[in-house]
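Chains as they are written, first to last, in this note's numbering: chain A, 0 to 220; chain B, 17 to 563. We treat Cβ as the ideally placed atom computed from N, Cα and C, and that holds for glycine. Here's the structure, in structure tokens; my notes come after.
Put into structure tokens, the structure is as follows:
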């Protein structure tokens, strides 16, 4: 199933992929088992001449174990899934590593606006770099973003980074990512935001440190 | 003429009102289906004119997607499952002559009819229908400037408010009728599961709808007089609406699911000649699930910008709620064990519902896990997931109910051969529509975009959209045998006696179709609802009225 995913290029993306794969195997096995039992019953107990149905109201604890035991097992597997995914969620959404780059992202009908700290590493100074729909970051650097929305709710969606976060008017939502592979990747909007929702499209450029410094220099001067 | 109006339009008879809801819901499903056809055609062949509609622009696309969701949930699933079957069957099943409040019942239907007129009108006003999604998140739905939709948004809120008013009146009637008008001997634990499910669904709706009505009112006030409840520029908060919406929205899922599970229980027992496995367990499990359904709402909002620490408690409640439903579903499967199963069309749809719903159930685990949801949220994976829950519940459930109780409603059978054609075309095409959508979701396909080929990473999977659209058209065509069968069988179907399937519950004691007042003599109940294949009896079924 992971074959359908776009290539992962973030440090935490494999955690998400792993969680999805674990869930896939667990619920896949349960699904086959339960459907198997259902179809077995349907074939085995189809109407036959002279074979009456049995009377089993399932009112005794002994009979009910047939449904309670699998239900408790499901609870166990579910809690296991929850346990396994919690650290991944915490790493992505609850932790905020010290930034090596900061960028302010604003969703606006129907563009992504980026304001990036210039060589001084700080936002809201004279050397800030403002771009529209184009985000350039260095590889292997922890990039911290401040996500805002100018008008309606948008959702920053960068599939290769496994990054999705709603941008809500009136709020500043912080988050981070670290890209692990050079290249150009799509940026989209995942929350319906009006007539141009489907063309709200940007690009993420991940550069090696040398190229990044050159880009920074050329852009500022 | 006066008689026609009394019998077919302003009827006080719960059976006619049930049929009115049922037929209105079925007709609205054609509207919802047509909208889906238009936007699926656009998705498969972006920019080419849709036969039967024409060119689709992004605004029409958003409007159609919004109205498809709104119609299918509030104008198809609810009126058919909760109100249609509920009105028709509930008094019959508990041995009552009618609803407790027949006039309120009539008012309920005509309020619903009015809401339908308002909703349909919104297609034809300047600016077109609401286009902020069926969830209507502000600020997009709040200020007309964001979508260019002015009247459409107002009418959407008005129509939804009227529809909720109608359903509230219906709920009051269901609960009162069940508590006050049961036949002699019909204690609560002798009621068919369907009656339990209708009542629990009504309770869930009544407890959950208040916050949404408050939210809808604030949204309307924002639109009309700029109160700014959801506008940060005026000190409001867009996330407040999401909480109010999903506090209602999650119980609402069960408002649709429960009546359908009720239909499944009735059909399973009749056509497997088995008593229901774990009757009380199913009732208690459903009550527990109903309570839990009020504390899971934020699992729709993991990445909405709410405090990310909330993901943990809502993940846990979401997991807990799977347990009572697992118990119910396993009990339904256990009911088939040792049975003598006859595959009538009703039984095929009931079995199909269970088998397909399980796909919806297990894929919910992915979305309910916060970390996995970061990737899957707002993608086609979610679209496929909730269609795998709501489509079987709504349509397989409704079709099972229609094929099963049609002989009661009209005194004639539906044609079984065409029924089976209907089942297989619907079931197969359903899977061919939505399995490709799961795959598109895994590929990162975000929802509600007008033209997937804009994005290179989606353009390479365009063939999946084409497959889904062909299957969708096949499914629509597959409903023609059903519609023809329905209309022809009313007049020409094989005659049915009062108990054509050899059922045990009270609706089979009444004539087919039952007259006004339902029963020739008020029934007296002596036993539980599902005494099939009871040992020591010479007949394989014992009616609830037999000693």
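Backbone CA spacing between residue i and residue j [nearest angstrom]
i: residue 194(A); j: residue 465(B); result: 9 angstroms
i: residue 211(A); j: residue 79(B); result: 43 angstroms
i: residue 94(B); j: residue 272(B); result: 6 angstroms
i: residue 448(B); j: residue 370(B); result: 18 angstroms
i: residue 177(B); j: residue 135(B); result: 11 angstroms
i: residue 255(B); j: residue 230(B); result: 14 angstroms
i: residue 220(A); j: residue 126(A); result: 9 angstroms
i: residue 177(A); j: residue 408(B); result: 42 angstroms
i: residue 252(B); j: residue 397(B); result: 32 angstroms
i: residue 556(B); j: residue 548(B); result: 6 angstroms
i: residue 175(B); j: residue 31(A); result: 43 angstroms
i: residue 132(A); j: residue 2(A); result: 28 angstroms
i: residue 53(B); j: residue 382(B); result: 28 angstroms
i: residue 325(B); j: residue 22(A); result: 22 angstroms
i: residue 193(B); j: residue 116(B); result: 5 angstroms
i: residue 51(A); j: residue 551(B); result: 10 angstroms
i: residue 90(B); j: residue 485(B); result: 24 angstroms
i: residue 405(B); j: residue 306(B); result: 17 angstroms
i: residue 185(B); j: residue 458(B); result: 42 angstroms
i: residue 70(A); j: residue 348(B); result: 13 angstroms
i: residue 102(B); j: residue 236(B); result: 31 angstroms
Chain B contact for residue i (CB, 8 angstroms cutoff)
i: residue 194(A); result: yes
i: residue 213(A); result: no
i: residue 63(A); result: yes
i: residue 69(A); result: yes
i: residue 115(A); result: no
i: residue 44(A); result: yes
i: residue 36(A); result: yes
i: residue 55(A); result: yes
i: residue 93(A); result: yes
i: residue 50(A); result: yes
i: residue 8(A); result: no
From the options, residue whose alpha carbon lies closest to that of residue i
i: residue 111(A); options: 158(A), 100(A), 91(A), 130(A); result: 130(A)
i: residue 373(B); options: 352(B), 412(B), 350(B); result: 412(B)
i: residue 490(B); options: 529(B), 443(B), 480(B), 320(B); result: 443(B)
i: residue 55(B); options: 355(B), 211(B), 488(B); result: 488(B)
i: residue 29(B); options: 492(B), 432(B), 113(B); result: 113(B)
i: residue 318(B); options: 393(B), 484(B), 156(B); result: 393(B)
i: residue 99(A); options: 138(A), 105(A), 77(A); result: 138(A)
i: residue 62(A); options: 469(B), 539(B), 427(B), 295(B); result: 295(B)
i: residue 140(B); options: 235(B), 165(B), 17(B), 355(B); result: 165(B)
i: residue 519(B); options: 44(B), 558(B), 530(B), 191(B); result: 558(B)
i: residue 96(A); options: 6(A), 16(A), 18(A), 173(A); result: 173(A)
i: residue 33(B); options: 553(B), 119(B), 362(B); result: 119(B)
i: residue 143(A); options: 183(A), 190(A), 91(A), 18(A); result: 91(A)
8 angstroms Cβ cutoff, residue i in contact with chain A
i: residue 149(B); result: yes
i: residue 338(B); result: yes
i: residue 394(B); result: yes
i: residue 153(B); result: yes
i: residue 297(B); result: yes
i: residue 273(B); result: no
i: residue 276(B); result: no
i: residue 234(B); result: no
i: residue 385(B); result: yes
i: residue 320(B); result: yes
i: residue 36(B); result: no
Beta bridge counterpart(s) of residue i as assigned by DSSP
i: residue 164(A); result: 155(A)
i: residue 184(A); result: 203(A)
i: residue 45(A); result: 357(B)
i: residue 88(A); result: The partner list for residue 88(A) (beta bridge, DSSP) is empty, contrary to what the question assumes.
i: residue 106(A); result: 111(A), 148(A)
i: residue 70(B); result: 66(B)
Beta carbon proximity, residue i to chain D, threshold 8 angstroms
i: residue 325(B); result: You won't find chain D in this structure, because its protein chains are A and B.
The segment 139-173 of chain A: which residues have C-beta closer than 9 angstroms to a C-beta of chain B, in chain order?
Correct list: 146, 148, 150, 151, 152, 154, 156, 158, 159, 161, 162, 163, 164, 165, 166, 167, 168, 169, 170, 172.
Identify each residue in the segment 433-452 of chain B for which the Cβ-Cβ distance to at least one residue of chain A is less than 9 angstroms, and report them in chain order.
none
Taking only beta carbons into account, state which residues of the segment 350-361 of chain B come closer than 9 angstroms to chain A, listed in chain order.
350, 351, 352, 353, 354, 355, 356, 357, 358, 359
Could you run through the segment 530-557 of chain B and flag, in chain order, every residue whose CB is less than 9 angstroms away from some CB of chain A?
544, 546, 547, 548, 549, 550, 551, 556
At a Cβ cut of 9 angstroms, what residues of the segment 71-83 of chain B count as close to chain A, listed as they run along the chain?
73, 74, 75, 77, 78, 81, 82
Can you pull out the residues from the segment 52-68 of chain B whose beta carbon lies closer than 8 angstroms to at least one beta carbon of chain A?
Shown here is that no member of the segment 52-68 of chain B has a Cβ falling below 8 angstroms from a Cβ of chain A.
Could you please tell me which residues of the segment 276-295 of chain B, in chain order, have their CB closer than 8 angstroms to any CB of chain A?
288, 289, 290, 291, 292, 293, 294, 295
Report the residues of the segment 183-207 of chain A with a CB closer than 8 angstroms to any CB of chain B, ordered along the chain.
Per Cβ criterion, the list reads 185, 187, 188, 189, 190, 191, 192, 193, 194, 195, 196, 197, 198, 200.
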